[in-house]
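Remarks on the structure that follows.
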Amino acid sequence: MKKAEWRIPDTFMKMNRSHTVPLSKQALRVLQVMEPVSRHRPWFFPSIRKPLEHMHQQTANAALIRMGFGGELVAHGMRSIARTAGAGHFPREVLESALAHQKEDEIEAAYNRSNYLEQRRPLMQWWGNYVDAARRQALLGAEEPLQIVEGE
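Each residue of the sequence shown is one higher than the one before, counting from 1 in the UniProt record's numbering.
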């Protein structure tokens, strides 16, 4: 992980185009924790039942169900949450590129070949910080930030 990037081969992408994901400090920490588990295996996130295969694509959804989010949230929905949360902070093109979405306009797609990789680095760190803040708030047990109310 010298470049702090995760390169996804085209065979794993819906549109059959490879995709590079800049990794936040938080994502790098997850990989560091997983390294002893996976260093001797072909996949970084191995299947529990079949360690020589990768984790099943529905594993994240199963975890969400076990955490009590069944019927409320699916793993793919987190992409929507991230896209919406980032809308006021980052340009549309950068957000769409982070999601590996193709450019809607054919002319723009023909002339603008940028993948906005360098602009996505701060986006991914912002998202890592956002998720960290949400985790800390959840650990405190408060659904909303505490407020001081005077006169009661």
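Every residue gets a Cβ at the ideal spot worked out from N, C-alpha and C, and that includes glycine.
Whole-Å CB distance - residue i paired with residue j, under 8 Å assumed
{"i": "V21", "j": "W6", "result": "4 Å"}
{"i": "I8", "j": "S18", "result": "6 Å"}
{"i": "F32", "j": "G128", "result": "Sequence inspection shows Gln at residue 32; the Phe mentioned does not correspond to that position. In fact, because the Cβ distance is near 14 Å, the residues do not count as touching under 8 Å."}
Pairwise C-alpha distance: residue j and residue i
{"i": "N115", "j": "V131", "result": "24 Å"}
{"i": "G151", "j": "A85", "result": "At G151, the pLDDT of 46 sits below 50, so the modelled position is not reliable; the number obtained from the coordinates is stated separately. Whole-angstrom Cα-Cα distance: 35 Å."}
{"i": "I48", "j": "T59", "result": "10 Å"}
{"i": "N16", "j": "D10", "result": "4 Å"}
{"i": "L146", "j": "L52", "result": "Annotation note: pLDDT 48 at L146 (below 50); position unreliable, no value reported."}
{"i": "H89", "j": "G77", "result": "20 Å"}
{"i": "E106", "j": "N61", "result": "34 Å"}
{"i": "V30", "j": "Q125", "result": "14 Å"}
{"i": "P46", "j": "R113", "result": "34 Å"}
{"i": "K50", "j": "E108", "result": "44 Å"}
{"i": "R79", "j": "A134", "result": "16 Å"}
{"i": "P36", "j": "G70", "result": "31 Å"}
Enclosing beta strand (DSSP E) for residue i [first to last residue]
{"i": "W43", "result": "Taken as a continuous stretch (DSSP letters only), W43 belongs to no beta strand (DSSP E), as it is neither H nor E."}
{"i": "R7", "result": "5-8"}
{"i": "P22", "result": "19-22"}
Selection from the options that minimises the alpha carbon distance to residue i
{"i": "R120", "options": "Q57, H76, E104, A98", "result": "A98"}
{"i": "L28", "options": "A4, F12, A62", "result": "A4"}
{"i": "M34", "options": "P91, M55, H89", "result": "M55"}
{"i": "P91", "options": "E108, L123, G71, G77", "result": "L123"}
{"i": "L117", "options": "M13, A82, E93", "result": "E93"}
{"i": "R83", "options": "L95, Q125, D105, V30", "result": "L95"}
{"i": "K14", "options": "A134, Q57, V74, G71", "result": "Q57"}
Residue i Cβ short of 7 Å to the ligand FMN heavy atom set
{"i": "A87", "result": "Absence of the ligand FMN is noted for the structure shown, with no ligands found whatsoever."}
For residue i, the first and last residue of its enclosing alpha helix (DSSP H)
{"i": "V33", "result": "25-38"}
{"i": "V94", "result": "92-98"}
{"i": "R135", "result": "117-140"}
{"i": "G77", "result": "77-86"}
- prompt: Would the segment 30-42 and the segment 124-141 be scored as touching if the rule is three or more Cβ pairs under 8 Å?
  reply: Not touching, per the Cβ criterion.
query: Do the segment 54-66 and the segment 91-108 make contact, defined as three or more Cβ pairs closer than 8 Å?
result: no
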